[in-house]
Amino acid sequence: MNLSPSTLRQRLVDLASARYRAAGRFAYHFARGKLGGDPMFLDLLARGLIPDQARILDLGCGQGLLAAWLLAARQSYEAGQWPAGWPAPGQPTDIRGVDLLASDIQRAQTALGASARFEQGDMRQVDFGQANVVVIMDVLHYVDLPAQDEVLRRVRAALPANGLFITRVGDAGAGLAFRLSNRVDRTVAFFRGNGLPPTHGRPLSEWTRALESLGFRVETASMNGGLPFANVMLVARLG
């Protein structure tokens, strides 16, 4: 069945969020809200960014929404419910998520079971191991600039010659839009139990230079869902 992107989004929100019923009402409703409102999840599929047989490392994974989304996408595709002309969603061989919050890790484990691996840890300290794809969504700005640079170096070391790094950051050069984005991010962090941590932004040009200095080829795409924010997805490729 040829689905429109909007119909696919709703189907995947239903499939992915259903996993979280066992993890409680908060987990379920947070999954529905985040997956239904964040444009990056659907964009990953429309662009075909996740390759087949990928080993994925999701740093700052929260309650494992990326894993739930990718599994739902594959389920829908194999059922013949997918937009015509869209690339087939990759079927990961391994998804590993890391997050600071023990409560989020527990929700992820309850919801995803053996479909993915989750562990509590700080991305500044945890062993990244080896992966084909590393994803960091809306997390890098919660550590200071030297720590950001060190995380980026370690991401580079964890990837093979043709590896892929996907991240979303705020463009600190975007003025009011960046301040609005930052305020929303801190509000979400507070309600997830992270308090009101300080943030450390950079202009988009500096994010790009930092990645290019490590050998990445960088593509950028606005990722705001039509809202007046300054969120940018960076797709950084090696090779």
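Residues 1289 to 1527 in my numbering are what the sequence shown lists, from first letter to last.
Backbone N, C-alpha and C fix where the C-beta goes; we use that ideal spot for every residue, glycine too.
Around the beta carbon of PRO1486, fewer than 16 other beta carbons sit within 10 angstroms, so the residue counts as exposed. Between the region 1364-1376 and the region 1321-1341 there are three or more C-beta pairs closer than 8 Å, enough to call the two in contact. ILE1338 carries a coil assignment under DSSP once its states are collapsed to helix, strand and coil. Cβ-Cβ distances below 7 Å link MET1289 to GLY1368 and GLN1369 in the same chain, with the five nearest sequence neighbours on each side left out; the list follows chain order. About 13 Å separates the CB atoms of LEU1330 and LEU1353; that is not less than 8 Å, and the two are not in contact.
Remark: C-beta atoms of ALA1315 and ARG1395 approach each other more closely than 8 Å. Per DSSP, VAL1301 is one residue of the alpha helix (DSSP H) stretching across 1293-1306. Between GLY1385 and ALA1404, the C-beta gap is smaller than 8 Å, which places the two residues in contact. Counting C-beta pairs closer than 8 Å gives fewer than three between the region 1490-1501 and the region 1350-1366, which falls short of the contact rule. Between ARG1525 and ALA1419, the C-beta spacing is not below 8 Å. By the C-beta density criterion, ASN1450 is exposed, having fewer than 16 other C-beta atoms within 10 angstroms. Taking the Cβ atoms as the reference, ARG1456 lies roughly 6 Å from MET1328, within the contact range of under 8 Å. Selection ILE1393, ALA1445 and THR1398 evaluated against GLY1409 yields ILE1393 as nearest (Cα-Cα).
Around the C-beta of PRO1293, fewer than 16 other C-beta atoms lie within 10 Å, and the residue is accordingly described as exposed. Taking C-beta atoms under 8 Å as the contact rule, LEU1345 and ALA1445 fail to qualify, at a distance of about 12 Å. Per DSSP, reduced to three states, the secondary structure at LEU1502 is coil, with no helix or strand assignment. For TYR1308 against ALA1399, the beta-carbon gap comes to about 5 Å, under 8 Å, which counts as contact.
Partner residues in a beta bridge of VAL1439, as assigned by DSSP, do not exist.
Residue environment: ASP1415 is assigned as exposed (fewer than 16 neighbouring CB atoms within 10 Å of its CB, all protein chains considered). Put simply, of GLY1527, GLN1379 and VAL1422 the residue whose alpha carbon is nearest the alpha carbon of CYS1349 is VAL1422. Restricting attention to GLY1503, ALA1311 and HIS1317, the CA atom closest to the CA of PRO1448 is found in GLY1503.
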